[in-house]
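Single-structure report; data block below.
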């Protein structure tokens with residue numbers, strides 16, 4: 366693939382956004398339920414170099430190296446060359462949506478070389494798409510939520526996390542995001558972990574499947590989720606927190622008509638496990654007072670190798 370390394374660089378700028386995890390309220394956040402979400406000490410940056418060419422060169426990297434490259438002509442975003450047609454199509458849709466929100470975006474007589482760097486495995490479902498969208502919105506000088514809702518069926522909590530200094534409560538009111546920065550660092554945080562289940566989930570497909578299964582939820586279900594979210598966000602007891610996790614799992618399992626983790630992958634596990642995001646894959650939250658090495662052994666027996674401590678991965682708000 367042609368690259369622009371030999372073109373003179375006119376200027377350079379960079380953007381960064383946080384990865385995320387949704388602790389409570391998955392799916393129901395779409396219905397206006399209160400959710401608890403955390404930005405992570407992981408994320409993605411986007412580096413823009415301006416040159417004298419009239420094309421857009423894009424290279425996307427993750428820890429294992431380059432996973433995607435494409436070359437587009439400007440100003441129409443015509444595909445010239447790519448290593449992944451589907452990824453190029455998705456990128457072009459984002460760029461076109463950004464152009465609709467800012468008609469001056471990428472319309473001057475310049476060319477651009479873009480590099481994005483994920484510092485986590487993009488298959489983990491921690492926000493490779495949302496961090497890209499938030500960075501792109503910053504570059505295009507547009508509202509990231511406007512870009513999100515123009516291109517996605519998701520709630521937008523991940524966009525809020527991309528820019529958040531720490532944990533948040535997130536809710537949709539009439540389709541508009543309400544974000545509250547909070548302190549969420551339980552005294553038992555050393556007993557909370559996040560483990561990758563090994564199955565990449567498509568969030569939009571998960572939402573589509575949810576919409577097919579659930580036509581309408583009674584108001585008391587939303588109220589129950591709101592209460593669970595607030596209780597989890599303010600809980601100071603490990604035992605109480607694990608009980609709230611069980612209640613949350615039971616509520617969502619009933620709504621989705623799916624078995625909960627403690628009856629499937631975590632049957633017999635000494636602690637509590639909770640699905641995060643789209644059920645069936647990506648990450649789960651694990652609450653256990655096992656010593657770390659024993660916990661690793663228990664999870665490895667279940668085929669789970671990727672494990673993070675809460676205290677290592679969750680971004681703590683230094684302003685609260």
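In my numbering, the protein residues as written are 366 to 685. The beta-carbon is built from N, C-alpha and C at its ideal position, and this holds for glycine as well.
- Within the region 494-575, the alpha helix (DSSP H) runs of at least 4 residues that lie entirely inside it are, in chain order, 509-516 and 522-528.
- Excluding sequence positions up to five before and after residue 476, its CB lies within less than 8 Å of the CB of 369, 372, 415, 416, 417, 418, 419, 420, 421, 422 and 439, all in the same chain and listed in chain order.
- When only Cα atoms are considered, residue 393 and residue 386 end up about 15 Å apart.
- Under the DSSP assignment, residue 482 falls in the beta strand (DSSP E) whose first and last residues are 476-483.
- In the DSSP assignment, residue 607 falls within the alpha helix (DSSP H) that extends over 603-621.
- For residue 424, the number of other beta carbons within 10 angstroms of its own is at least 16, and it is reported as buried.
- Taking C-beta separations shorter than 7 Å and ignoring five residues to either side along the sequence, the partners of residue 613 in its chain run 389, 593 and 639, following chain order.
- For residue 670, no alpha helix (DSSP H) encloses it, and the DSSP letter there is neither H nor E.
- Less than 8 Å separates the beta-carbon of residue 544 from that of residue 525.
- In this structure, residue 550 lies away from residue 665, with their beta-carbon atoms at least 8 Å apart.
- In this structure, DSSP gives residue 588 a helical state, which the three-state scheme calls helix.
- Taking residue 644 as reference, the option from 652, 663, 620 and 634 with the minimal CA-CA separation is 620.
- By alpha-carbon distance to residue 597, the top candidate from 403, 383, 522 and 382 is 403.
- The C-beta of residue 459 has 16 or more other C-beta atoms within 10 Å across all chains shown, which makes the residue buried.
- Burial check for residue 454: the Cβ neighbour count within 10 Å stays below 16, so the residue is exposed.
- Bridge pairing for residue 639: 650 [DSSP].
- Per the C-alpha coordinates, the member of 426, 624 and 548 positioned closest to residue 599 is 548.
- Fully enclosed beta strand (DSSP E) runs of no fewer than 3 residues occupy 420-427, 430-438 and 443-447 of the region 411-474, in order along the chain.
- Annotation: residue 429 to residue 533 spans about 31 Å, alpha carbon to alpha carbon.
- Here residue 607 is buried. Its C-beta has 16 or more other C-beta atoms within 10 Å.
- In the displayed model, residue 491 falls within coil according to three-state DSSP, outside both helix and strand.
- Looking at the DSSP output, residue 408 sits in a beta bridge with 383.
- In the structure shown, residue 486 falls within a coil segment according to DSSP collapsed to helix, strand and coil.
- With contacts defined by Cβ atoms closer than 8 Å, residue 431 and residue 446 do not form a contacting pair.
- Per the C-alpha coordinates, the member of 672, 448, 450 and 437 positioned closest to residue 461 is 437.
- Within the same chain, Cβ atoms closer than 6 Å to the Cβ of residue 397 are found at 537, the five residues on either side in sequence being excluded.
- Pairing residue 602 with residue 503, the inter-Cα distance amounts to about 40 Å.
- Within the same chain, Cβ atoms closer than 8 Å to the Cβ of residue 655 are found at 635, 636 and 663, the five residues on either side in sequence being excluded.
- Bridge pairing for residue 402: 387 and 533 [DSSP].
- The beta carbon of residue 556 sits closer than 7 Å to those of 603, 652, 653 and 654, all from its chain and outside the five residues before and after it, given in chain order.
- Excluding its 5 nearest sequence neighbours in each direction, residue 668 has C-beta neighbours in its own chain below 8 Å: 563, listed in chain order.
- For the set 628, 554 and 400, the Cα lying nearest the Cα of residue 523 is the one of 400.
- Within the DSSP secondary-structure output, residue 377 pairs in a beta bridge with 414.
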